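Please read the structure below before turning to the comments.
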Amino acid sequence: MAEVLVPAPALESWTKAVVRAMGAGEEVAAEVAHHLVGANLAGHDSHGVLRLPQYMREVDSGTLVPDARPDVVRSRGAVGVIDAHRGFGHYSTRWAVDWCIDLARREGVATAAVRHAMHIGRLGEYGERAASEGLVGFFTVGVAGQAAGSVAPFWGAERFLGTNPWCMAVPAVDRPPLVIDFATSAIAEGKVRVARAKGVEVPPGTLRAPSGEPTREPSLLYEGGMLLPAGGEVAGHKGYGLSLASALIGGLAMIDDPEPTPGGTMMPFPDEWSAHIAGVWMMVVDPGWFGPADQYLRRVSAVLDSVAGVKPAPGFEGVLVPGDPERLRRAERQASGVPIPEATWTELTELSRRLGVAMPAR
């Protein structure tokens with residue numbers, strides 16, 4: 005399918021203008037634009053600018069509050085609860101990560117749970133942020149409950165879970181860090197959006213039709229279908245377990261939540277909200293509290309260099325360290341531009357027209 009190539013700086017400037025027109029302040033809009041275009045540059049178009057029409061619909065419904073700012077509602081020692089007030093999740097989560105980074109430098113470790121955050125984008129972005137500061141990071145965002153997400157539990161044929169990703173990041177020296185970022189569904193929901201926009205099928209073993217039968221047609225997900233957990237029909241118990249744990253741990257944010265009703269959570273819940281749980285959770289660790297940080301970082305680098313030097317299997321050029329594919333794609337797209345499917349470009353053009361923002365040059 006045809007694609008439009010847009011230079012990243014022009015796309016980011018346009019995205020910022022669109023988010024500003026939605027009602028966000030300058031600082032929030034700049035962070036959202038940087039995050040979305042950064043996801044496109046990293047090759048994760050599922051978390052890039054194609055999300056903007058979704059955010060506009062959420063603003064229209066009152067679910068997303070574009071000018072909301074996060075704050076700490078409870079803290080004790082190295083632990084905090086942060087309320088995003090249903091603002092852009094990219095900004096509130098980055099704000100929470102920076103809060104944890106500052107605290108981890110003083111205490112050695114910091115952890116926070118974020119409630120009332122809307123879509124937070126690519127989880128790996130926050131891992132990269134922690135690693136860039138020489139810190140180890142763990143991040144997850146999850147939701148669970150009847151009809152609360154788009155993923156069926158293992159052995160199930162009804163929606164119950166979100167795609168509930170996990171990210172782990174470990175810094176290194178004189179080389180890029182380790183950054184693991186994966187959905188606990190067989191593929192991320194955004195990958196299905198991209199497939200639909202491109203007019204292609206999803207991989208086998210990833211999606212079920214509303215009837216519960218296997219399908220590869222991406223549009224059926226948005227007609228009541230469901231994603232399978234990572235591992236599919238053979239090892240789906242692994243993705244299912246990680247997904248459920250993500251939601252339960254992220255749900256620490258909901259303890260003593262004064263607004264646990266539909267619209268007040270990470271996503272609208274049915275009326276029986278007591279059987280649902282959602283939230284963002286993170287932990288940042290300063291390796292310098294365990295001993296000389298430089299020794300640790302050098303050893304991490306040696307191990308990562310060593311694994312990258314493992315003899316490749318037939319048909320492969322070499323072994324990549326998690327985080328390398330994003331780094332390589334980023335360099336490629338910074339040079340050539342960000343590809344956007346024509347169907348997505350049409351949606352973005354309609355959004356631009358509505359908000360009175362000129363589209364970026366192609």
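Quick note on this note's numbering: the sequence shown kicks off at 5 and runs consecutively.
By construction, the Cβ of each residue, glycine as well, lies at the ideal position given by its N, Cα and C atoms.
These numbers come from a predicted model, not from an experiment.
Do you know how far the Cα of residue j is from the Cα of residue i?
i	j	result
residue 105	residue 151	35 Å
residue 167	residue 59	18 Å
residue 169	residue 287	15 Å
residue 87	residue 224	34 Å
residue 250	residue 203	31 Å
residue 305	residue 186	22 Å
residue 99	residue 125	14 Å
residue 10	residue 122	27 Å
residue 139	residue 327	16 Å
residue 13	residue 94	19 Å
residue 62	residue 53	15 Å
residue 233	residue 198	19 Å
residue 209	residue 65	34 Å
residue 8	residue 15	11 Å
residue 273	residue 315	Caution applies to residue 273, whose pLDDT of 48 falls short of 50 and renders its modelled position unreliable; the model cannot decide the point.
residue 75	residue 213	41 Å
residue 200	residue 300	44 Å
residue 275	residue 231	Reliability fails at residue 275, whose pLDDT of 49 lies under 50, so the model's placement of it is uncertain and no value is given.
residue 347	residue 355	13 Å
residue 358	residue 80	45 Å
residue 220	residue 56	25 Å
residue 256	residue 147	12 Å
residue 260	residue 142	24 Å
residue 153	residue 40	22 Å
residue 196	residue 137	33 Å
residue 211	residue 229	7 Å
residue 414	residue 338	Since the first residue shown for the chain is 5 and the last is 366, residue 414 is missing from the structure and cannot be characterised.
residue 163	residue 70	28 Å
residue 322	residue 329	12 Å
residue 291	residue 171	18 Å
Assign residue i to one of two classes, buried (16 or more other C-beta atoms within 10 Å of its C-beta) or exposed (fewer than that).
i	result
residue 96	buried
residue 48	buried
residue 18	buried
residue 189	buried
residue 90	buried
residue 226	exposed
residue 103	buried
residue 241	exposed
residue 344	buried
residue 238	exposed
residue 253	buried
residue 317	exposed
residue 235	buried
residue 269	With a pLDDT of only 45 at residue 269, under 50, the local geometry of the prediction cannot be trusted, and no value is derived from it.
residue 350	exposed
residue 319	exposed
residue 267	Only weak support is given to the placement of residue 267: the predicted model assigns it a pLDDT of 42, under 50, and the value that follows is read from those uncertain coordinates. Exposed, since its Cβ has fewer than 16 Cβ neighbours within 10 Å.
residue 247	buried
residue 42	buried
residue 262	exposed
residue 313	exposed
residue 294	exposed
residue 114	buried
residue 303	exposed
When DSSP builds the beta bridges, which residues end up paired with residue i?
i	result
residue 171	143 and 185
residue 349	Per DSSP, none; premise fails for residue 349.
residue 81	Beta-bridge pairing links residue 81 to no other residue.
residue 119	87
residue 7	345
residue 219	211
residue 281	148
residue 75	87
residue 289	113 and 140
residue 233	189
residue 165	148 and 155
Compute the distance between the beta-carbons of residue i and residue j, then report whether it is under 8 Å.
i	j	result
residue 181	residue 192	no
residue 92	residue 32	yes
residue 155	residue 127	no
residue 161	residue 216	yes
residue 25	residue 360	yes
residue 183	residue 135	yes
residue 45	residue 179	no
residue 243	residue 50	no
residue 149	residue 280	yes
residue 101	residue 130	yes
residue 72	residue 107	no
residue 325	residue 311	yes
residue 37	residue 23	yes
Does any C-beta atom of chain B lie closer than 8 Å to the C-beta of residue i?
i	result
residue 289	The chain labelled as chain B is not found in the depicted structure, where only one protein chain is given.
**Q.** Stretch pair the stretch 8 to 22 + the stretch 357 to 366: three plus CB contacts closer than 8 Å
**A.** As far as the Cβ criterion goes, the stretch 8 to 22 touches the stretch 357 to 366, which means the pair count is three or higher.
Q) Touch check for the stretch 280 to 297 and the stretch 108 to 119: three-plus C-beta pairs under 8 Å? A) yes
Q. Do the stretch 326 to 340 and the stretch 196 to 215 meet, that is, are 3 or more Cβ pairs less than 8 Å apart?
A. No, they do not touch.
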